[in-house]
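If you read the sequence shown in full-length UniProt numbering, its first letter stands for residue 1, the second for the next number, and so on.
A short worksheet on the structure shown next.
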Amino acid sequence: MTREEFTRLFDLYFGDVRKYILYRSGNEEIATDIAQDTFMRIWEKQMLIEQKTAKNLLIKIARDLYINRYHKEKKAFNFFETYQINEDGLTPEDQLNFHDLKLAYENALKTMPEKQREVFLMSRIEELKYKEIADQLGLSVKAIEKRMSLALDHLKTHLKDKVTHIVLWIARLFFCMTYKSEK
Numbered sequence: 001m002t003r004e005e006f007t008r009l010f011d012l013y014f015g016d017v018r019k020y021i022l023y024r025s026g027n028e029e030i031a032t033d034i035a036q037d038t039f040m041r042i043w044e045k046q047m048l049i050e051q052k053t054a055k056n057l058l059i060k061i062a063r064d065l066y067i068n069r070y071h072k073e074k075k076a077f078n079f080f081e082t083y084q085i086n087e088d089g090l091t092p093e094d095q096l097n098f099h100d101l102k103l104a105y106e107n108a109l110k111t112m113p114e115k116q117r118e119v120f121l122m123s124r125i126e127e128l129k130y131k132e133i134a135d136q137l138g139l140s141v142k143a144i145e146k147r148m149s150l151a152l153d154h155l156k157t158h159l160k161d162k163v164t165h166i167v168l169w170i171a172r173l174f175f176c177m178t179y180k181s182e183k
């Protein structure tokens with residue numbers, strides 16, 4: 001595919017692809033990112049596309065990218081369900097603190113810039129190494145390190161007012177569990 005063919009394809013269908021994802025996601029940033037990723041995929045693979053089927057193919061690629069992103073985010077937001085604490089042994093105050101921490105974490109993830117969140121989730125939830133993430137995203141390891149650093153800074157900023165409560169809560173849980181196991 002020549003640069004001119006790609007530019008023509010982009011000019012004709014970028015708006016349609018973006019509108020489709022915006023309709024599905026309700027988020028303009030996600031819609032723009034996925035539309036761009038869709039065209040990047042076409043360019044990187046140097047796909048030859050017939051004019052008759054171009055729009056359908058682009059929508060299918062965009063839909064697949066959106067579904068993949070949705071599953072990754074769903075996995076991230078299910079973090080606390082995956083690593084559940086048995087709340088039966090917690091006091092009502094501890095249960096409330098745990099719930100507050102969970103909401104703060106989810107809100108911090110939602111407000112994190114997309115590229116940082118993607119790297120954070122791949123590292124922390126999917127447990128990929130920086131090299132693996134770099135290979136999958138077509139970036140350098142340094143770029144991944146930078147995005148991860150920014151993601152962690154974002155979490156620190158958004159969770160800083162919870163840090164004292166978190167540390168005290170964890171210490172309390174630890175001492176309660178240690179005390180109970182010694183009995």
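Every residue gets a Cβ at the ideal spot worked out from N, C-alpha and C, and that includes glycine.
- Buried or exposed: where does Q116 fall if 16 or more other Cβ atoms within 10 Å of its Cβ makes it buried? If you number the sequence shown from 1, residue 116 lands on position 116. Buried.
- Assuming I42 contacts A31 under a Cβ cut-off of 8 Å, what Cβ separation, rounded to an integer in Å, is found between them? Taking the sequence shown and counting its residues from 1, the one referred to as residue 42 is at position 42. Taking the sequence shown and counting its residues from 1, the one referred to as residue 31 is at position 31. Rounded, the Cβ-Cβ distance is 17 Å, inconsistent with contact.
- Query: Going by C-alpha distance, which of N56, L48, L96, E4 is nearest V17?
  - Reply: The residue you call residue 17 lines up with position 17 of the sequence shown. Here the closest residue by C-alpha is N56.
- Query: Among the residues of its own chain, which have a CB less than 7 Å from the CB of K180, if the five just before and after it don't count?
  - Reply: Here the question's residue 180 lines up with position 180 in the sequence shown. The pLDDT assigned to K180 is 42, lower than 50, so where the model puts this residue is not dependable; a value taken from the coordinates is nonetheless given after this. The answer is none, since no qualifying residue turns up.
- Item | Cα-Cα separation, H158 to L9 | Your numbering for residue 158 matches position 158 in the sequence shown. Your numbering for residue 9 matches position 9 in the sequence shown. Roughly 41 Å between the two C-alpha positions.
- For the region 91–131, list the alpha helix (DSSP H) runs that are entirely contained and at least 4 residues long, ordered along the chain. 92–111, 114–124
- Task: For Q36, name the three-state secondary structure that DSSP assigns.
- Result: The residue given as residue 36 occupies position 36 in the sequence shown. If DSSP states are grouped into helix, strand and coil, Q36 belongs with the helices.
- Query: Would you report the Cα separation of Y13 and M122, rounded to the nearest angstrom?
  - Reply: By 1-based counting over the sequence shown, the position of residue 13 is 13. By 1-based counting over the sequence shown, the position of residue 122 is 122. Cα to Cα, the separation comes out at about 30 Å.
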